[in-house]
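As structure tokens, the structure follows; a few thoughts come after it.
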Amino acid sequence: MASYKVMVKDVIKKADILLEVVDARFPDETRNSEVERDIARSKKPFIIVLNKCDLVSKETIEKTKSRLSQIAPTVFVSSKDRFGTTMLRHKILEIAGIKGRDILVGSLGYPNTGKSSVINGVAGKHKASTSPVSGHTKGLQLVNAGSRIMFIDTPGVIPFGENDQYLQGLLSVKSASHLEDPIGVAMKIIEKMCTENKSSLESFYQVTIEGQDSYDILEIIGRQSNFLKKKGEVDETRAAIKIINDWQKGVLRI
Ligand SMILES: Nc1nc2c(ncn2[C@@H]2O[C@H](COP(=O)(O)OP(=O)(O)OP(=O)(O)O)[C@@H](O)[C@H]2O)c(=O)[nH]1
Ligand SMILES: [Mg+2]
């Protein structure tokens, strides 16, 4: 994975300012300490962009924002709804503090966090190619976003650790059918929803949750959805795949 480190260092060297695009649903899991350390060493300005904020509640946004803005300037964006992109453009111009020439903005982050979509949001046009399938952007791409802002779009090459298959499920890097342990991933989604927005999970699957653990909740959802095996037992795998699909489609919101 040395090539990814070389690419990250190269982008940091070329850029005047760096964006770390993270998924607003998992800000901590999708920040990368090594990348942040390299940026800090370069002493270049840095903005944390929390993308996909259409998938989180206002309360979660406020909490995360006050926590992360102590580390770096933080901007919430929904590239899908074009929310926050004008704010991001202003922040880039303000923080870069460069006059009289184009500003080169490096965009880094895990696969599928929406790096290319954020660039399109700021550019106001579909200039960078995007896809629900991760690993879409190949090589470094220069994208002119107008008004003196030039982006370097990068492939989401930050590697996942061997044990990060849960994160790969949560970030839609792997589809439900490609996950080794869909039940484990569905349980993580249930845990996250129960901590952050239990009522959204309850109303989406029309169930009542009263302190059960995530495995029991999976069973309750499976039974309510009528996912049963021959003897009337719940088909947990089928229930897990449904939950992962709903999560990955963005219909289950935190
Ligand atoms: N709900 C929601 N989905 C988004 C948002 N931004 C991007 N997406 C979706 O996330 C998926 C990945 O978007 P990309 O912009 O291609 O992500 P990327 O980080 O450039 O991905 P790679 O180049 O493969 O690393 C696509 O299906 C997008 O439609 C957002 O703000 N909200
Ligand atoms: Mg991309």
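For the sequence shown, my numbering assigns the number 1 to the initial residue and increments by one for each residue that follows. By construction, the Cβ of each residue, glycine as well, lies at the ideal position given by its N, Cα and C atoms.
Ligand 1 heavy atoms versus the CB of residue i: any closer than 6 Å?
| i | result |
| --- | --- |
| S131 | yes |
| N197 | no |
| N245 | no |
| N51 | yes |
| L55 | yes |
| S175 | no |
| K58 | no |
| P111 | yes |
| S78 | yes |
| G169 | no |
| G156 | yes |
| G250 | yes |
Please confirm whether any heavy atom of ligand 4 lies closer than 6 Å to the CB of residue i.
| i | result |
| --- | --- |
| S225 | By its list of ligands, the structure shown excludes ligand 4, since it contains just ligand 1 and ligand 2. |
Taking CB distances under 7 Å as the criterion, tell me whether residue i reaches chain C.
| i | result |
| --- | --- |
| Q168 | The structure shown contains no chain C; it is built from a single protein chain. |
Given 6 Å as the limit, tell me if residue i has its C-beta closer than that to any heavy atom belonging to ligand 2.
| i | result |
| --- | --- |
| K115 | yes |
| H136 | yes |
What are the partner residues of residue i, as DSSP defines its beta bridges?
| i | result |
| --- | --- |
| E20 | I48 and L108 |
| F208 | According to the sequence displayed, residue 208 carries Thr and not Phe. The partner list for T208 (beta bridge, DSSP) is empty, contrary to what the question assumes. |
| L142 | I152 |
| I103 | I149 |
| F83 | S78 |
Tell me, to the nearest whole angstrom, how far the beta carbon of residue i is from that of residue j; I am working on the premise that it is less than 8 Å.
| i | j | result |
| --- | --- | --- |
| E20 | R37 | Not quite, the Cβ-Cβ distance comes to about 12 Å (not below 8 Å), so this is no contact. |
**Asked** Can we say the segment 36 to 54 touches the segment 81 to 96, given the rule of at least three CB pairs closer than 8 Å?
**Response** Segments in contact, yes.
**Asked** If you pair each beta-carbon of the segment 187 to 195 with each one of the segment 166 to 179, do three or more pairs fall below 8 Å?
**Response** Contact holds between the segment 187 to 195 and the segment 166 to 179, because three or more Cβ pairs, one in each stretch, are under 8 Å apart.
**Prompt:** Is the segment 98 to 117 touching the segment 62 to 69, taking contact as three or more C-beta pairs under 8 Å?
**Reply:** Contact fails: fewer than three Cβ-Cβ distances are below 8 Å.
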